[in-house]
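To start, the structure under review is shown below, and the notes come after it.
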Amino acid sequence: MRAKQIPSSLTRSKSQILLLFFSLSLILLSFLFFLFPPSDPAASSTTHPYPHPLIPPQTSFVASLEHFLTHKALNHRSSDDTVRSLLQDDVRMFDDRKFAKEMDWVHGDPYYPLNFPIRVYVYQMPNKFTYNLLWLFRNTYRETSNLTSNGSPVHRLIEQHSIDYWLWADLIAPESERLLKNVVRVHRQEEADLFYVPFFTTISFFLLEKQQCKALYREALKWVTDQPAWKRSEGRDHIFPIHHPWSFKSVRRYVKNSIWLLPDMDSTGNWYKPGQVSLEKDLILPYVPNVDLCDAKCVSESESKRTILLFFRGRLKRNAGGKIRSKLVTELAGAKDVVIEEGTSGDQGKAAAQKGMRRSIFCLSPAGDTPSSARLFDAIVSGCIPVIISDELELPFEGILDYRKIAIFVSSTDAVQPGWLLPFLKGISSTQIREMRRNLVEFSRHFMYSSPAQPLGPEDLVWRMMGGKLVNIKLHTRRSQRVVKESRSVCTCDCRSGNNTTSSTLSGQSLSG
């Protein structure tokens, strides 16, 4: 049967309609593509530096710890790395595994040992050294108001020195929740560059009875020094968070080869024995700020309100290098546009310090009992230019950060010279002040511990600095392994061939630092 013929004019009309529809569709799609471009994963990670963009990182130690204990700690495994009975063969076998792994890196990584990410093994210590101490702080935080002998609130001191919590919480977090790419946790000891000891030395010092604390220190020391990895290196690749100068004091001499995380070097010798600490092996970390962050908007809005030239609120009498505080009080008392106040504890004291710093151009940062002071970092995150008066001070991350861009350094001799300090500060131009304040906004991120730990935050800079120490750590470990205090030759005879084989056995004695 013959098909029905369609008029050619109708066919052309339909073709034109389809062409027009197709053209309009393309135009509409192009318009939508322009309005809603496809998301770029790289751009997305740049815009939102943490996994949940709508949830800012937690910077409060108390709030972060509460969430950690009531949510994440519930999934904690009870198993630990306790060594039941250590034999010399265990150390030798570990050394062989470590050697094989390092040879793989030597042949497979052209940048080894200058490698990132740093591989860290986190010891799984018994709960009495870790979780139980965190629970002790959490359960006594609100009810306890004890003070130290010099009047400092105990729980606030623990917060200031809580670097052990922030580093550990980041290291043990699931990789899907972590943002730092320069350090990774490994689960096999032979794969590690460094070993992290998660013992909360500051909490135990302040919240346990004296003899109970010393006993726990001795237990922790034995637990760590029984580890094959410790015996292999004599602790040179082990990291100890000893951030409060009073903590772990009774057993420090036994871990002097280890990497200590400190608030400063205290070159006065009042807190650390000669030879215990050095910039070569140890690392200085900032205190946890006691005040809230004054961000870019806050700094901009507070510009016109900064009518105080120089501000200080804290303990006016200190020991050692901190004796300069009383001299400064004598020199500056009653001066115009200067506020010098004795600090008070609690929320009211924090609010008064925060308000004063946000109303001031310069914040005095003299030495405390040690060359460092938490007040320096309070000033930085408040947008108040620190005036550092501490001749022996070593600063955190100084190999990376240039503190001259955010702080004024004054010698102790000049600071107490009658009539010298205030004219000097008044002579600093408004242009330089504005520039330093802008730098403070940028620098603040380097001193804000958080969960999750942020790129360019203090946790991040810790591992960048640690990377620079790795080659030296490996060098000293190698040298300690070949310095033999005692050896004995063991002769074994092959009766069938009549050949003698002599082998040298290293003694198990401890090597000196």
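Here the UniProt record's numbering is used: position 209 in the sequence shown is 209, and no number is missing along the way. Beta carbons are placed, not taken as given, at the ideal position from N, Cα and C, and that holds for glycine. Small disclaimer: the values here were computed from a predicted structure and weren't measured.
Are Leu285 and Leu316 closer than 8 Å when you measure CB to CB?
The sequence position of residue 285 within the sequence shown is 285, counting from 1. The sequence position of residue 316 within the sequence shown is 316, counting from 1. No, the pair does not count as a contact, with Cβ atoms beyond the cut-off.
Measure the CB-CB distance between Leu167 and Glu398 and report whether it falls below 8 Å.
The residue you call residue 167 lines up with position 167 of the sequence shown. The residue you call residue 398 lines up with position 398 of the sequence shown. In this structure, Glu398 does not lie closer than 8 Å to Leu167 by Cβ.
Is Phe409 helix, strand or coil by DSSP?
To locate residue 409, count along the sequence shown from 1; it is residue 409. Phe409 falls in the strand class under three-state DSSP.
Under the three-state reduction of DSSP, which class applies to Ile400: helix, strand or coil?
Along the sequence shown, one-based indexing puts residue 400 at 400. Coil at Ile400, not helix or strand.
May I ask which residues mark the beginning and end of the alpha helix (DSSP H) holding Trp230?
The residue labelled residue 230 in the question sits at position 230 within the sequence shown. Here the alpha helix (DSSP H) through Trp230 covers 228-233.
Based on the DSSP secondary-structure assignment, which residues constitute the bridge partners of Glu342?
For the purposes of this step, residue 342 is identified with residue 342 of the sequence shown, where counting begins at 1. Answer is Gly314.
Starting from the Cα of Arg253, find the closest Cα among Ser430, Asp337, Trp271 and give me that residue.
Sequence index remark: in the sequence shown, residue 253 carries index 253 (1-based). Ranking the options by Cα distance to Arg253, first place goes to Trp271.
Would you call Lys273 buried or exposed, if buried means 16 or more other Cβ atoms sit within 10 Å of its Cβ?
For the purposes of this step, residue 273 is identified with residue 273 of the sequence shown, where counting begins at 1. Looking at its Cβ environment, which holds fewer than 16 other Cβ atoms inside 10 Å, Lys273 is exposed.
Is it a yes or a no for the stretch 448-456 touching the stretch 168-183, going by three-plus beta-carbon pairs under 8 Å?
In short, these stretches touch, since the Cβ pair count reaches three.
Whole-angstrom Cβ separation of Val277 and Met265, contact assumed at under 8 Å?
Locating residue 277 in the sequence shown gives position 277, counting from the first residue. Locating residue 265 in the sequence shown gives position 265, counting from the first residue. Between Met265 and Val277 the Cβ distance is about 6 Å, and since that is below 8 Å, they are a contact.
With DSSP run on the structure shown, which of helix, strand or coil describes Val122?
Taking the sequence shown and counting its residues from 1, one reaches residue 122 at position 122. The answer is strand: DSSP assigns Val122 an E or B state.
Curious, which full-length beta strand (DSSP E) runs of at least 3 residues does the stretch 130-206 contain?
You should have 183-186, 194-196.
Check whether the Cβ atoms of Ile380 and Ile400 lie closer than 8 Å to each other.
The residue given as residue 380 occupies position 380 in the sequence shown. The residue given as residue 400 occupies position 400 in the sequence shown. No, Cβ-Cβ distance for Ile380 and Ile400 is not below 8 Å.
Do Phe200 and Leu134 have their C-beta atoms within less than 8 Å of each other?
By 1-based counting over the sequence shown, the position of residue 200 is 200. By 1-based counting over the sequence shown, the position of residue 134 is 134. Taking 8 Å as the Cβ cut-off, Phe200 and Leu134 qualify as a contacting pair.
Could you tell me the alpha carbon to alpha carbon distance between Arg236 and Ile428, rounded to whole angstroms?
One-based indexing of the sequence shown puts residue 236 at position 236. One-based indexing of the sequence shown puts residue 428 at position 428. Spanning the two alpha carbons is a distance of roughly 46 Å.
State the Cα-Cα distance for the pair Arg325 and Val154, rounded to the nearest angstrom.
Counting from 1 along the sequence shown, the entry for residue 325 is found at position 325. Counting from 1 along the sequence shown, the entry for residue 154 is found at position 154. Distance between the alpha carbons of Arg325 and Val154: 22 Å.
By DSSP's criteria, His238 is part of a beta bridge. Which residues make up the other side?
Residue mapping note: residue 238 aligns to position 238 of the sequence shown, counting from 1. Paired residue(s): Phe195.
Count the CB pairs spanning the stretch 295-305 and the stretch 331-347 that are closer than 8 Å, and state whether there are at least three.
No, they do not touch.
If you follow the alpha helix (DSSP H) that Trp223 is in, where does it begin and where does it stop?
Reading the sequence shown from its first residue, position 223 is the one you call residue 223. From DSSP, the alpha helix (DSSP H) with Trp223 extends over 210-225.
Between the stretch 157-164 and the stretch 184-193, are three or more C-beta pairs nearer than 8 Å?
With the cut-off at 8 Å, the stretch 157-164 and the stretch 184-193 do not touch.
Pairing CB atoms from the stretch 204-219 with CB atoms from the stretch 125-141, are three or more of them under 8 Å?
Flag = yes, the stretch 204-219 and the stretch 125-141 touch.
Return the first residue and the last residue of the beta strand (DSSP E) that Phe362 is part of.
Taking the first residue of the sequence shown as 1, we reach residue 362 at position 362. Counting along the chain, the beta strand (DSSP E) containing Phe362 begins and ends at 360-366.
So, using beta-carbon positions, are Ser61 and Val288 closer together than 8 Å?
Within the sequence shown, numbered from 1, the residue matching residue 61 stands at position 61. Within the sequence shown, numbered from 1, the residue matching residue 288 stands at position 288. The question names Ser, yet the displayed sequence has Phe at residue 61. Yes, these two residues count as a Cβ contact at 8 Å.
Evaluate the contact criterion for the stretch 380-391 versus the stretch 411-424: three or more CB pairs, one atom per stretch, below 8 Å.
Verdict: yes, contact present.
Tell me the rounded alpha-carbon separation between Gln354 and Glu435.
Residue mapping note: residue 354 aligns to position 354 of the sequence shown, counting from 1. Residue mapping note: residue 435 aligns to position 435 of the sequence shown, counting from 1. So the two alpha carbons sit approximately 22 Å from each other.
Kindly list the residues whose CB is nearer than 8 Å to the CB of Leu194, restricted to its own chain and excluding five residues on each side of it in sequence; keep chain order.
Walking along the sequence shown from the start, residue 194 turns up at place 194. Here the set comprises Ile118, Arg119, Val120, Tyr121, Asp237, His238, Ile239, Ile259, Met466, Leu470, Ile473.
Quick one: what does DSSP say Gly88 is sitting in, helix, strand or coil?
As a working mapping, residue 88 is identified with position 88 in the sequence shown. Strictly speaking, residue 88 in this sequence is Gln, with Gly absent from that position. In the structure shown, Gln88 sits in a helix (DSSP, three-state: H, G or I).
Considering Cα atoms alone, identify which of Lys350, Val184, Pro228, Gly108 is closest to Arg92.
Position 92 of the sequence shown holds residue 92. It is Pro228.
Compute the beta-carbon to beta-carbon distance between Ser360 and Leu310, rounded to the nearest angstrom, for a pair I have assumed lies under 8 Å.
Counting from one through the sequence shown, the residue named residue 360 turns up at place 360. Counting from one through the sequence shown, the residue named residue 310 turns up at place 310. So it is a contact: roughly 7 Å between Cβ atoms.
For Leu207, which residues from the same chain have a beta carbon less than 6 Å from its beta carbon, with the 5 sequence-adjacent residues on both sides left out?
Start at 1 with the first residue of the sequence shown, and residue 207 comes out as number 207. Excluding sequence neighbours, Leu207 sits near Leu136.
Flag this pair as yes or no: are the beta carbons of Asn290 and Asp164 separated by less than 8 Å?
For the purposes of this step, residue 290 is taken as residue 290 along the sequence shown, with counting starting at 1. For the purposes of this step, residue 164 is taken as residue 164 along the sequence shown, with counting starting at 1. Contact flag unset, no.
Closest by CA to Pro396, which one among Ser373, Ser382, Ser411?
Taking the first residue of the sequence shown as position 1, residue 396 is located at position 396. Nearest option by C-alpha distance: Ser373.
Under DSSP, the alpha helix (DSSP H) around Ile433 begins and ends at which residues?
Working through the sequence shown from its first residue, we reach residue 433 at position 433. Its alpha helix (DSSP H) spans residues 430-443.
Mind checking Glu71: buried by the 16 CB within 10 Å criterion, or exposed?
Within the sequence shown, residue 71 is the residue found at index 71, counting from 1. Here the sequence assigns His to residue 71, which means Glu is not the residue at that position. Exposed, because fewer than 16 other Cβ atoms sit within 10 Å of the Cβ of His71.
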